[in-house]
Ligand code: AMP
Ligand code: MG
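Numbering (the numbering used here), first residue to last: 1 to 319.
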């Protein structure tokens, strides 16, 4: 007796995570949602794919990328963690903290992805779909923000598609990014911790879990990707503004004043909400083609340190 299933042995439909993993294995690029921002992902071990990624972003080659992995075990196959790095990973992974540590011999992260450094930046993202892709792929993915180099990071799939969608074989929609700001980058080298980039995990949170950070300010020189003009919309950005000047758009912090082209990063002055809205509102304001985007002062405490870092770079201040 013929059985329907025996007659037509069809391969079960691939889940979107499996389809993405297959594309990545072939050296193609994938738009990948994470909790921080949308990334443009490539196989970290495939130099040709990573070269294609740099090309799609128009990114300077000397900028090393973050290797994204599924879990702590996968991270330790790439790097050599000391006890402080392990404490930070235990406290914040999966989540928006990146650790820079010595490269383990034989780790599958190509030279180009590390910009030739003998260290590697690694994190475990906290997004269900990113986790599924990483487990289906089974290795490390580099996934810098899916914007063209120097532009604001995409925090929705539409923005990611607009920036680099044409370079991606698969575009995954994971909804709007809950954090909206890039990861905090901490180097754990020579038994010391240094803040290389302020981000979604605050300085105080890092110090509470891992002990004192060595430098007072984010250590830009050691983090070669930290260019002065970055995260920038087309319109100039004017910081610490009381309100909009003629022809300007305005991003308030707190209740927004009346007027056209006026938005608030957070009506209730909540830094977490402001971080989540920052890049999307810079883009929204920019689309109105204003003479400039004026931005109200944001307090420099907690998450405000990372928000102000991104705003200064959007305005082209030297970091
Ligand atoms: P992005 O991919 O845009 O989130 O940027 C990655 C950040 O991590 C940049 O600021 C890089 O300079 C930094 N980074 C990545 N790898 C290293 C490394 N091995 N040493 C120091 N900084 C790194
Ligand atoms: Mg970026």
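Built from N, CA and C at the ideal position, the CB exists for glycine as well. Note that this is a predicted model, so its numbers are computed, not measured.
Between ligand 2 and the CB of residue 118, the shortest heavy atom gap is not smaller than 8 Å. Contact annotation: residue 126 and residue 165 have beta-carbon atoms that are not nearer than 9 Å.
Look at residue 117 here: in three-state DSSP terms it is coil, with no helix or strand label. Residue pairing by DSSP puts residue 102 in a beta bridge opposite 119. Here residue 309 is buried. Its C-beta has 16 or more other C-beta atoms within 10 Å. Sequence-distant Cβ neighbours of residue 300 in its own chain, meaning closer than 6 Å and more than five residues away, are 308. In this structure, the CA atom of residue 68 is about 44 Å from the CA atom of residue 246. For residue 237, the beta-bridge partners assigned by DSSP are 293. Secondary structure of residue 214 (DSSP, three-state): coil. Distance check between residue 212 and each of 315, 188 and 229 places 188 closest, using alpha-carbon atoms only. Per DSSP, reduced to three states, the secondary structure at residue 43 is strand. Counted as a single uninterrupted DSSP element, the alpha helix (DSSP H) harbouring residue 83 occupies residues 83 to 92. Bounds of the alpha helix (DSSP H) holding residue 78 are 72 to 78. With fewer than 16 neighbouring CB atoms inside 10 Å of its own CB, residue 118 falls in the exposed class.
For residue 18, same chain residues with a beta-carbon under 8 Å away, outside a window of 5 residues either side, are 136 in chain order.
Where residue 184 is concerned, there is no enclosing alpha helix (DSSP H), although the beta strand (DSSP E) around it starts and stops at 184 to 189. In the DSSP assignment, residue 251 falls within the unbroken beta strand (DSSP E) covering 249 to 252. In the three-state reduction of the DSSP assignment, residue 21 falls in the helix class.
In the same chain as residue 257, and ignoring 5 residues on each side of it, the C-beta atoms closer than 7 Å to its own belong to 243, in chain order. In this structure, residue 282 places its C-beta atom within 9 Å of the C-beta atom of residue 152.
Between residue 202 and residue 302, the beta carbon gap of about 5 Å places them in contact (Cβ cut-off 8 Å). The C-beta distance from residue 56 to residue 29 rounds to 6 Å, short enough to fall under 8 Å.
Using a cutoff of 8 Å, the CB of residue 50 does not count as near ligand 2, since none of the ligand's heavy atoms is closer than that. Under the criterion of beta carbons closer than 8 Å, residue 250 and residue 265 do not qualify as touching, at roughly 11 Å. DSSP, read as helix, strand or coil, puts residue 229 in coil. With 16 or more other Cβ atoms from the protein chains shown falling within 10 Å of its own Cβ, residue 145 counts as buried. Taking a contact as a CB-CB distance under 8 Å, the pair residue 298 and residue 314 does not count as one, their CB atoms being some 12 Å apart. For the pair of segments examined, the segment 285 to 298 was found not to touch the segment 169 to 183: the number of CB pairs separated by less than 8 Å stays below three. Following the DSSP letters along the chain, one finds residue 133 inside the alpha helix (DSSP H) bounded by residues 128 to 137.
Selection 278, 207 and 269 evaluated against residue 237 yields 278 as nearest (Cα-Cα).
In terms of side-chain proximity, the C-beta atom of residue 144 is found nearer than 8 Å to a non-hydrogen atom of ligand 2.
DSSP places residue 67 within a strand segment (E or B) once states are collapsed to three. When the beta-carbon positions are compared, residue 140 and residue 157 stay at least 9 Å from each other.
In this structure, DSSP gives residue 37 a state outside helix and strand, which the three-state scheme calls coil.
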